[in-house]
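FYI, the numbering for the sequence shown is 60 to 478, going by this note's numbering.
Glycine residues also receive a C-beta, built at the ideal position from the N, C-alpha and C atoms.
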Amino acid sequence: VAVPGRLPGSPPPRGCRPAAMEGTGRPRGCSAGGPAFQAPRPSSSRAFLAGLLWGMKGRTDPVRPLSMGLRASTFLGVTDIPLMLRSPFAPACADLAVMAEPARTKRILVTGGSGLVGRAIEKVVADGARQPDEEWIFVSSKDADLTNAAETRALFEKHRPTHVIHLAAMVGGLFKNIKYNLDFWRKNVHINDNVLHSAYECGVQKVVSCLSTCIFPDRTTYPIDETMIHNGPPHSSNFGYSYAKRMIDVQNRGYFEQHGCRFTAVIPTNVFGPHDNYSIEDGHVLPGLIHKVYLAKQRGAALTVWGTGTPRRQFIYSLDLARLFLWVLREYDEVEPIILSVGEDDEVSIREAAECIVKAMDFQGELLFDTTKSDGQFKKTASNSKLKRYLPDFKFTPFEQAVKETCNWFCSNYDIARK
Ligand SMILES: NC(=O)c1ccc[n+]([C@@H]2O[C@H](COP(=O)([O-])OP(=O)(O)OC[C@H]3O[C@@H](n4cnc5c(N)ncnc54)[C@H](OP(=O)(O)O)[C@@H]3O)[C@@H](O)[C@H]2O)c1
Numbered sequence: 060v061a062v063p064g065r066l067p068g069s070p071p072p073r074g075c076r077p078a079a080m081e082g083t084g085r086p087r088g089c090s091a092g093g094p095a096f097q098a099p100r101p102s103s104s105r106a107f108l109a110g111l112l113w114g115m116k117g118r119t120d121p122v123r124p125l126s127m128g129l130r131a132s133t134f135l136g137v138t139d140i141p142l143m144l145r146s147p148f149a150p151a152c153a154d155l156a157v158m159a160e161p162a163r164t165k166r167i168l169v170t171g172g173s174g175l176v177g178r179a180i181e182k183v184v185a186d187g188a189r190q191p192d193e194e195w196i197f198v199s200s201k202d203a204d205l206t207n208a209a210e211t212r213a214l215f216e217k218h219r220p221t222h223v224i225h226l227a228a229m230v231g232g233l234f235k236n237i238k239y240n241l242d243f244w245r246k247n248v249h250i251n252d253n254v255l256h257s258a259y260e261c262g263v264q265k266v267v268s269c270l271s272t273c274i275f276p277d278r279t280t281y282p283i284d285e286t287m288i289h290n291g292p293p294h295s296s297n298f299g300y301s302y303a304k305r306m307i308d309v310q311n312r313g314y315f316e317q318h319g320c321r322f323t324a325v326i327p328t329n330v331f332g333p334h335d336n337y338s339i340e341d342g343h344v345l346p347g348l349i350h351k352v353y354l355a356k357q358r359g360a361a362l363t364v365w366g367t368g369t370p371r372r373q374f375i376y377s378l379d380l381a382r383l384f385l386w387v388l389r390e391y392d393e394v395e396p397i398i399l400s401v402g403e404d405d406e407v408s409i410r411e412a413a414e415c416i417v418k419a420m421d422f423q424g425e426l427l428f429d430t431t432k433s434d435g436q437f438k439k440t441a442s443n444s445k446l447k448r449y450l451p452d453f454k455f456t457p458f459e460q461a462v463k464e465t466c467n468w469f470c471s472n473y474d475i476a477r478k
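If you want it as structure tokens, here you go:
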């Protein structure tokens, strides 16, 4: 059975798009700036049969072939499979995900929806970025403990998402990472495996997970790019978090090669913004500094920055990251991850970041550096060339403005802020 796309024979290489979508003259997966590209649609029976035959290879039971038939049809946008062909063998959740939806409704589940990045996506969606065919569902650990496989599966069966933005993770700054490397590894590996496998079992069309530039090798050349994730050990301070995050990339590749799933990941640099974790002990450097400046100002004390102040970082405002997440979800078609970052020239030292906060909060006191504290990785300068190839006109909020907005948010929400 010859079907346009990738179904017959062995799976295609990573990041490959259906043959019918090639030759559009745009970067792969990019439709920014032009009309959305519509792949020709095969008939339901051809798509279903191709998936069925592919799934039958080496199998005697009917479940996988039928499931693959359904996945093939779903991936190619065909939703009119006769009900009698779907039950009782196909997984219940995959069945529902395809049948209960009008053909083009996207139900987008955001794990980690109560965190810094999740709240930013929620705001951007609420402020007008939502498209008419999209339904957004934001969940937190109160909805399900994603380290638990049964709870994760139940969450997916309840919401039956067609798309997932996967943000939930054990997250923390340098000092929390140093103390709890094992916990970072175990919790995040469990969360990621449960989410990705539930997404696969429930026939989710696309998952966008979240890596981080701190997972790259410690000893490396600069700038870091997307091809370098697995090139050497990460910095020893956060090896647990880093290896767990790297495995998402391994899993995305596996789900694509074995099952044809479009699971991908983004790699943001240091994120900051409203709803961050402003804990001085456990949070990231920028929100921790904002909290310290707030307290120093109240107490009329000096501001003590931990470390030498010389390490360099690229900071991305959570609302900019949120806008980029929407683009990745809707337009980016590669399985390979993409770095979401400001340019290399926008990298700042910790001292410069502290001075920016001092200015934003009008702090008049002394600035000190406690050099007995660890600096962490000196720098992790990332290239945003791939992003710029796709979105050459994307405008980041200027760092000073974003810091000012974040400080204002923290001061106005001091009582409810995480800290
Ligand atoms: N912040 C950064 O600088 C940065 C940089 C690069 C990448 N990232 C990545 O971006 C993503 C979002 O980070 P963030 O800064 O927004 O984190 P965050 O503010 O700490 O939020 C973490 C989110 O994960 C949820 N969560 C944690 N454990 C969970 C569990 N066992 N079950 C279900 N939900 C759980 C939390 O729910 P509750 O609120 O209920 O606890 C919360 O919604 C993460 O994957 C992180 O690795 C962050």
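- In the structure shown, the three-state DSSP call for residue 181 is helix.
- At the C-beta level, residue 439 and residue 272 come within 8 Å of one another.
- Between residue 346 and residue 437, the C-beta gap is not smaller than 8 Å, which leaves the two residues out of contact.
- Straight-line spacing of the CA atoms in residue 451 and residue 409 works out to 28 Å.
- Ranking 206, 197, 366 and 456 by CA distance to the CA of residue 255 puts 206 first.
- When DSSP states are grouped into helix, strand and coil, residue 324 belongs to the strand group.
- Residue state for residue 413 is assigned as helix, using DSSP reduced to three classes.
- If you look at residue 257, you'll find it in the alpha helix (DSSP H) that goes 240 to 260.
- Cβ contact annotation for residue 232 (same chain, cutoff 7 Å, sequence separation greater than five): 341, 342, 343, 344 and 347, in chain order.
- At least one heavy atom of ligand 1 lies less than 7 Å from the C-beta of residue 250.
- Only exposed fits residue 280, as fewer than 16 other CB atoms lie within 10 angstroms of its CB.
- A buried status is given to residue 282, since no fewer than 16 other beta-carbon atoms sit within 10 Å of its beta-carbon.
- Between the beta-carbon of residue 176 and that of residue 214 there is about 19 Å, and that puts the pair past the 8 Å contact cut.
- The criterion of a C-beta distance shorter than 8 Å is not satisfied by residue 412 and residue 426.
- As summarised for the segment 360 to 429, the continuous alpha helix (DSSP H) elements at least 4 residues long and confined to that stretch are 377 to 390 and 409 to 419, given in chain order.
- The beta-bridge partner set that DSSP reports for residue 170 consists of 225.
- In the DSSP assignment, residue 329 is bridged to 374.
- Secondary-structure assignment with DSSP links residue 275 through no beta bridge to anything.
- Exclusion of the five residues before and after residue 292 leaves no residue of its chain whose Cβ lies closer than 6 Å to its Cβ.
- By DSSP's assignment, residue 339 forms no beta bridge with any residue.
- Linking residue 259 to residue 228 through their CA atoms gives a straight-line distance of about 19 Å.
- Looking at the backbone, the Cα of residue 183 and that of residue 373 are separated by about 22 Å.
- Within 7 Å of the C-beta of residue 229 there is at least one heavy atom belonging to ligand 1.
- Residue burial annotation: residue 375 is buried, with at least 16 other C-beta atoms found within 10 angstroms of its C-beta.
- Here residue 418 has 459 as same chain residues with Cβ atoms under 8 Å from its own Cβ, once five neighbours each way along the sequence are excluded.
- DSSP places residue 199 outside both helix and strand once states are collapsed to three, so it counts as coil.
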